[in-house]
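One structure below.
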Amino acid sequence: MKHRIDVLHGINFDVLGRRPAAHYGGLTLEALEVRIKRYADELGLGVAFSQTNHEGEYCEALHNATGDGLILNPGAWTHYSWAIHDALELTGLPAVEVHLSAVDEREEWRRVSVIRDICVGTVQGKGPDGYRDALALLQERLER
Ligand code: DQA
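For the sequence shown, the working numbering assigns the number 302 to the initial residue and increments by one for each residue that follows.
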């Protein structure tokens, strides 16, 4: 059976193409999703995307998650949203935290992640390729 991964983009990802290219590569969200979809196809995984700039909606997307695994890039919420931590915990699904930039090498406040302890892995600083690593990690876990 083909597993499906829900990819949840958080705040400011709708304007990804306008954000500092030095950190985020200048890719639009649409282009990023095309890349992720290609990686998923190569791995034989299904993928579903969502994006919101509203924290409560992000939590509700977690409440309603129907996939087999999750990839989360909550953007700045990563660093302080205990609401997202709790909603993620509730899903009981394997989740990987992804960041396009190397958050652990940037400002002090970005080095904190309130979801890391309940994720099965974290990929950061690899740009769009980080999503391929996250998909592969989830696939390996789901087929174990
Ligand atoms: C980000 C890193 C966060 O610190 C930042 O607030 C983002 C994007 C990343 O993908 O590198 O919005 O999650």
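Even glycine gets a Cβ: it sits at the ideal position worked out from N, Cα and C.
Nothing here was measured: the structure is a model prediction, and the numbers come from that model.
Taking only the alpha-carbon atoms, compute the straight-line gap between residue i and residue j and give it to the nearest angstrom.
{"i": "K427", "j": "M302", "result": "29 angstroms"}
{"i": "L401", "j": "Q425", "result": "6 angstroms"}
{"i": "I312", "j": "P429", "result": "17 angstroms"}
{"i": "D387", "j": "L328", "result": "30 angstroms"}
{"i": "A403", "j": "D369", "result": "27 angstroms"}
{"i": "I306", "j": "V421", "result": "14 angstroms"}
{"i": "A396", "j": "H364", "result": "14 angstroms"}
Less than 7 angstroms separating the Cβ of residue i from some heavy atom of ligand 1?
{"i": "G422", "result": "no"}
{"i": "H364", "result": "no"}
{"i": "N354", "result": "no"}
{"i": "A384", "result": "no"}
{"i": "R411", "result": "yes"}
{"i": "V404", "result": "yes"}
{"i": "A377", "result": "yes"}
{"i": "H310", "result": "no"}
{"i": "L401", "result": "yes"}
{"i": "H324", "result": "yes"}
Check residue i in the structure and name its three-state DSSP category.
{"i": "T423", "result": "strand"}
{"i": "I306", "result": "strand"}
{"i": "A403", "result": "coil"}
{"i": "E408", "result": "coil"}
{"i": "E444", "result": "coil"}
Checklist entry - Hey, is the stretch 388 to 396 in contact with the stretch 341 to 355, meaning 3+ C-beta pairs nearer than 8 angstroms? => result no
Checklist entry - Is the stretch 327 to 335 close to the stretch 371 to 379, with three or more CB pairs under 8 angstroms? => result no
Next on the checklist: If we require 3 or more residues per run, which beta strand (DSSP E) segments fall completely within the stretch 315 to 381?
Outcome noted: 347 to 352 and 370 to 374
Next on the checklist: With three or more beta-carbon pairs closer than 8 angstroms as the criterion, would you say the stretch 306 to 321 touches the stretch 377 to 386?
Outcome noted: yes
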